[in-house]
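Asker: Going by numbering that gives the first Met the number 0, the first residue of the sequence shown is number 0, and it counts up by one from there. The beta carbon of each residue, even a glycine, is placed where N, CA and C say it ideally should be. Let me begin by handing over the structure; questions about it come next.
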Amino acid sequence: MHPFPLEPDRATMAEMGHLVLDRVVERTDQLAARPATSLLSPQAEAELGETLLAPPPARGGDLKALLARLDEAADCALESAGPGHLAYIPGSGLYSAALAEFYNRAVNRYGGLASVAPALAALEESVIRWMAREVCGLPEGSGGLLTSGGSMATFSATVAARHDRLGEDLAGGTVYTTAFAHHSVAKAARLAGIRAAHIRTVPHTPDLRMAPEAAAAMIRADRDAGLRPFLLVATAGTTDTGTVDPLPQLAGLARREDVRFHIDAAYGGFFRLTARGAERLAGIEQADSVTLDPHKTLFMPFGTGALVVRDLAALHAAHDGTGSYLQDMAGAGVPDSGRLGPELTHEIRGLRAWLPLHLHGVNAFREALDEKLDLAEHVHDTLSGIAELEVLQRPELSTMIFRVRPVGGSRAAAERADAASRRLLERINGHRRIVLSSTVVDGRYTLRVCVVSHRTHHDRITEALQIITGEARNIPVA
Ligand SMILES: Cc1ncc(COP(=O)(O)O)c(C=O)c1O
């Protein structure tokens, strides 16, 4: 018999579990010492890919050897779980959430319909209600569903708004957002059947926020032209700069113009747990629907998003479906996620949030997010004192942006500075202690520092600042 059959006995299960747990503990413990990126050269990557693309064998292998192969494959990556990951927003992956997920996958309860595992569905619902009511300040009766990520949450919010406001005639439907909205907003609208030309880019103010008067003018002009404005999408923490759109004014505008108001708070939403975040995200409680992403600022493993809504009716009306094979399923005391979104069969997603929230307590998350706000301000203050750099704005959340200062005011000077910023990014990332990323702000190449990982603390930011300032002072611009 093979040493690892499909149904291992108790001792084998424990042996297998220990082998995996040892690898995971070792890797997690080493995260701070590991390079911030171990992406290989394209050629080495291709060679590794070649061996990893082999089909599975007819006869099983050895778990230790397979784990070693997994380790090799996992090594070839941006170390997105580590403290040096300052490049992109998606988060760091709590150890306790991984344990919850292991338990979850082993008991393998059905998450699409609440009546199949009603008590676990209730645990998930407790997490959703906490997000809707405590995190976002939505009223009693609000709720939602956990999704695979922010994109799916925004998609379901868009489908619900479309169904509610346009019915089946989609032709004239128009959506409003800004150039700084995440691309998942436009994608959701297109997938929901809205013409690309009807996804309006509302102008922004010099501080990169949606301009409410411009949005109002666009909505009215479209309505006068016979179109059907139905959805305004604000961002609470843009991907590029962490900027929060003026939520109270936009909520008022949406009410006056009778369009649904969705807020993409995939990045920013959980900062509302902190005092500074609550102030900066004021108005979020006026939304019809909000995208949250626990796999960003709640440090959950990838594949954990959320959509919370003021009133479940529109979400339910847009996504409900049934079949005669479901006639034996009684309703449960909590909503069926399979009737609120496009997916049916999936795991009970809430467990990987429920266990960490109950184990560590909400304050642990509040303090970690507060620390991220402090660290981003510290990066801002330090880099503001470096003559060679142009620091664009004080971070509103935990993302800050900077670039090489041009020598002179001409277009050519700006282009030379952009080229220098590109080289600067390469040099900074070449240290492999931190990874930053870049974007384009008002036509200029701009570097981003996103402090989002629960494993990033003052020591790594001090090191990051030494690397950035050292390289910036040596970068030739002219
Ligand atoms: C503001 C914002 N919205 C939406 C998304 C998309 O979320 P996801 O990648 O979870 O689908 C992102 C991803 O970074 C984001 O930053």
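Using the rule of at least 16 other Cβ atoms within 10 Å of the residue's Cβ for burial, across every protein chain shown, is Lys295 buried or exposed?
Answerer: With 16 or more Cβ atoms within 10 Å of its Cβ, Lys295 is classed as buried.
Asker: Please report the Cβ distance between Ala178 and Thr204, rounded to the nearest whole angstrom; I am assuming they are in contact, meaning their Cβ atoms lie under 8 Å.
Answerer: Incorrect: roughly 12 Å between the Cβ atoms, too far for contact.
Asker: Would you tell me roughly how many angstroms separate the C-alpha atoms of Gly110 and Ala313, rounded to the nearest one?
Answerer: In a straight line, the C-alpha of Gly110 is about 21 Å away from that of Ala313.
Asker: Could you tell me whether the segment 142–149 touches the segment 162–179, where touching means 3 or more Cβ pairs closer than 8 Å?
Answerer: Touching, no, given that fewer than three Cβ pairs across the two stretches are closer than 8 Å.
Asker: Using a Cβ distance threshold of 8 Å, determine whether the segment 225–237 contacts the segment 249–256, with at least three qualifying pairs required.
Answerer: Yes, since at least three Cβ pairs between the segment 225–237 and the segment 249–256 fall closer than 8 Å, the two stretches touch.
Asker: Mapping the DSSP letters down to three states, classify Glu462 as helix, strand or coil.
Answerer: Note: Glu462 maps to helix in three-state DSSP.
Asker: Which residue or residues does DSSP assign as beta-bridge partners of Ile262?
Answerer: Paired residue(s): Ala233, Val289.
Asker: I'd like to confirm something about Thr238: is its beta-carbon nearer than 6 Å to some heavy atom of ligand 1, or not?
Answerer: Because some heavy atom of ligand 1 lies under 6 Å away, the Cβ of Thr238 counts as near it: yes.
Asker: For Thr479, count neighbouring C-beta atoms within 10 Å of its own C-beta (all shown protein chains included) and say buried if the count is 16 or more, exposed if not.
Answerer: The question about residue 479 has no answer here: the residues shown for the chain are numbered 0 through 477.
Asker: Nearest by alpha-carbon distance to Leu249: which of Gly225, Ala224, Ala286 is it?
Answerer: Taking only the C-alpha atoms, the option nearest Leu249 is Ala286.
Asker: Just to confirm, does Asp61 get its C-beta within under 6 Å of one of the non-hydrogen atoms of ligand 1?
Answerer: Checking every heavy atom of ligand 1 against the Cβ of Asp61, none is found closer than 6 Å.
Asker: Would you tell me roughly how many angstroms separate the C-alpha atoms of Ala43 and Arg33, rounded to the nearest one?
Answerer: Those two C-alpha atoms are separated by around 19 Å.
Asker: Is the CB-CB distance between Pro202 and Ala215 below 7 Å?
Answerer: Not a contact, by the Cβ cut-off of 7 Å.
Asker: Spell out the partners DSSP gives Tyr175 in its beta bridges.
Answerer: According to DSSP, Tyr175 bridges with Arg199, Leu231.
Asker: So what does Ser150 bridge to, in DSSP terms?
Answerer: Looking at the DSSP assignment, Ser150 forms no beta bridge with any residue, so it has no partner.
Asker: Mapping the DSSP letters down to three states, classify Gly304 as helix, strand or coil.
Answerer: Correct three-state label for Gly304: strand.
Asker: Would the beta-carbon of Ala367 fall within 7 Å of that of His453?
Answerer: In contact: Ala367 and His453 (Cβ atoms closer than 7 Å).
Asker: Would you tell me roughly how many angstroms separate the C-alpha atoms of Thr445 and Pro334, rounded to the nearest one?
Answerer: Spanning the two alpha carbons is a distance of roughly 44 Å.
Asker: Taking the alpha-carbon of Thr240 as reference, which of Gly302, Leu112, Gln392 has the nearest alpha-carbon?
Answerer: For Thr240, the nearest C-alpha among the options comes from Gln392.
Asker: If I'm right that His318 touches Leu291 with Cβ under 8 Å, what's the distance once you round it to whole angstroms?
Answerer: About 18 Å; that fails the 8 Å criterion.
Asker: Ligand 1 and Ile88: does any heavy atom of the ligand fall closer than 6 Å to the residue's C-beta?
Answerer: The answer is yes for Ile88.
Asker: Does Ser437 come out as helix, strand or coil in the three-state DSSP assignment?
Answerer: If DSSP states are grouped into helix, strand and coil, Ser437 belongs with the strands.
Asker: What residues in its chain sit with their C-beta under 7 Å from that of Glu395, if we drop five residues either side in the sequence?
Answerer: Excluding positions up to five away in sequence, the list reads Gly241, Thr242, Val243, Arg279.
Asker: Just to confirm the assignment, what range does the beta strand (DSSP E) spanning Val106 have?
Answerer: No beta strand (DSSP E) holds Val106; the alpha helix (DSSP H) holding it covers 94–106.
Asker: Leaving out five residues before and five after Leu62 in sequence, what residues of the same chain have Cβ atoms less than 7 Å from its Cβ?
Answerer: Within the same chain, Leu62 has close Cβ partners Phe3, Met15, Leu18.
Asker: Take Phe270 and list the residues in its own chain whose beta-carbon comes closer than 6 Å to its own, dropping the five residues that flank it on each side.
Answerer: The residues are Gly276, Leu368, Leu396.
Asker: Which residue's Cα is closest to the Cα of Ala316: Ser155, Met0, Glu133, Pro89?
Answerer: The shortest C-alpha separation from Ala316 is found at Ser155.
Asker: Who are the Cβ neighbours of Ser114 in its own chain at under 7 Å, not counting the five residues just before and after it?
Answerer: Met328, Ala329, Gly330, Ala331, listed in sequence order.
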